[in-house]
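Taken in order, the sequence shown gives residues 16 to 117; the numbers are from the working numbering. Even glycine gets a Cβ: it sits at the ideal position worked out from N, Cα and C.
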Amino acid sequence: MLMPHCPSCSSSLPLREVFEGGGIVCPLCHSELEPLAWLSFISVILVMLAVQAGAHVAQGSGLNFPAQLVIGGIAGVVVGGVAYVFLIRYRVKAGKGTVLKL
Ligand SMILES: [Zn+2]
16 MLMPHCPSCS
26 SSLPLREVFE
36 GGGIVCPLCH
46 SELEPLAWLS
56 FISVILVMLA
66 VQAGAHVAQG
76 SGLNFPAQLV
86 IGGIAGVVVG
96 GVAYVFLIRY
106 RVKAGKGTVL
116 KL
């Protein structure tokens with residue numbers, strides 16, 4: 016339900032292709048799709064916040080710097096993966112000559 020969907024035919028998109036990033040082709044209706052840029056941007060911000068938060072918690076627990084980096088990295092990967100799957104939305108790729116961009 017919260018998974019990425021094709022805006023053209025509403026079928027679920029294969030996660031493997033979603034994680035490869037960039038544009039994908041819907042397996043059902045073969046529309047060329049591209050992720051909305053601002054959602055990718057928000058995902059990146061969330062990852063950075065998660066890394067900071069993870070490192071901060073590790074620091075508060077008295078762990079040394081390498082451990083803080085590891086925990087921050089894990090937090091970033093987990094949040095990034097979740098954010099990507101739940102936030103990312105696609106639109107049908109605009110044909111050539113279209114000026115509208117978002
Ligand atoms: Zn489709």
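Rounding to the nearest angstrom, what Cα-Cα distance links residue i and residue j in this structure?
i: residue 18; j: residue 29; result: 9 angstroms
i: residue 33; j: residue 39; result: 7 angstroms
i: residue 27; j: residue 83; result: 37 angstroms
i: residue 85; j: residue 52; result: 28 angstroms
For residue i, count the other beta carbons within 10 Å of its own beta carbon; 16 or more makes it buried, fewer makes it exposed. Which is it?
i: residue 101; result: exposed
i: residue 117; result: No answer about residue 117 holds up, because its pLDDT of 49 lies below 50 and its placement is not dependable.
i: residue 65; result: buried
i: residue 113; result: Its pLDDT being 48, under 50, residue 113 is placed unreliably in this model, and the value from its coordinates should be taken loosely. Label assigned to residue 113: exposed.
Starting from residue i and walking both ways along the beta strand (DSSP E), at which residues does that stretch end?
i: residue 48; result: 47-50
i: residue 106; result: 105-107
Taking 7 angstroms as the limit, name every residue whose beta carbon sits nearer than that to some heavy atom of ligand 1, in sequence order. 21, 23, 24, 26, 41, 43, 44 and 46
Note down, one range per segment and in chain order, each beta strand (DSSP E) of at least 3 residues found wholly within the region 19-85. Unbroken beta strand (DSSP E) runs of no fewer than 3 residues, entirely contained in the region 19-85, are found at 47-50, following chain order.
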